[in-house]
Amino acid sequence: MKVEINLWELLGKNKMSARDLSKITGMSNQQISSIKRGMTSRIGLDTIEKLLEAFQCEPNDLFKIIK
Numbered sequence: 001m002k003v004e005i006n007l008w009e010l011l012g013k014n015k016m017s018a019r020d021l022s023k024i025t026g027m028s029n030q031q032i033s034s035i036k037r038g039m040t041s042r043i044g045l046d047t048i049e050k051l052l053e054a055f056q057c058e059p060n061d062l063f064k065i066i067k
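Those letters in the sequence shown? Residues 1 to 67, by the UniProt record's numbering.
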């Protein structure tokens, strides 16, 4: 089982660029890019909170489980 973050989908639904997300969350462009490309093996709770708040969504909207 693998867990992915639906960052591409959420950015598109919210008509937001990675740069916009960076400004809203205070996260670096590099960090957002790594998450977007699935290059992170860990993500902190503070980062999850920032993403949930930025997209005004629930955790099940942010995460996708691949079996």
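Heads up, the beta-carbon is just placed ideally off N, CA and C, and yes, glycines get one too.
**Report entry** Backbone CA spacing between Lys23 and Lys50 [nearest angstrom]
**Finding:** 11 Å
Query - For Lys2: DSSP bridge partner residues - result: Ile66
Query raised in the report: Which class does Leu49 belong to by DSSP, given the choice of helix, strand or coil?
Result: Note on residue identity: the sequence assigns Glu, not Leu, to residue 49. Helix, per DSSP.
Query - Close Cβ partners of Ile35 (< 6 Å) along its chain, the five nearest in sequence each way excluded - result: Ile5, Leu7
Report task. Below 8 Å on the Cβ atoms is my guess for Ile28 versus Ala18; work out the distance and round it to an integer in Å. Result -> Looking at the sequence shown, residue 28 is not Ile but Ser. Contact flag wrong, Cβ pair sits at about 10 Å.
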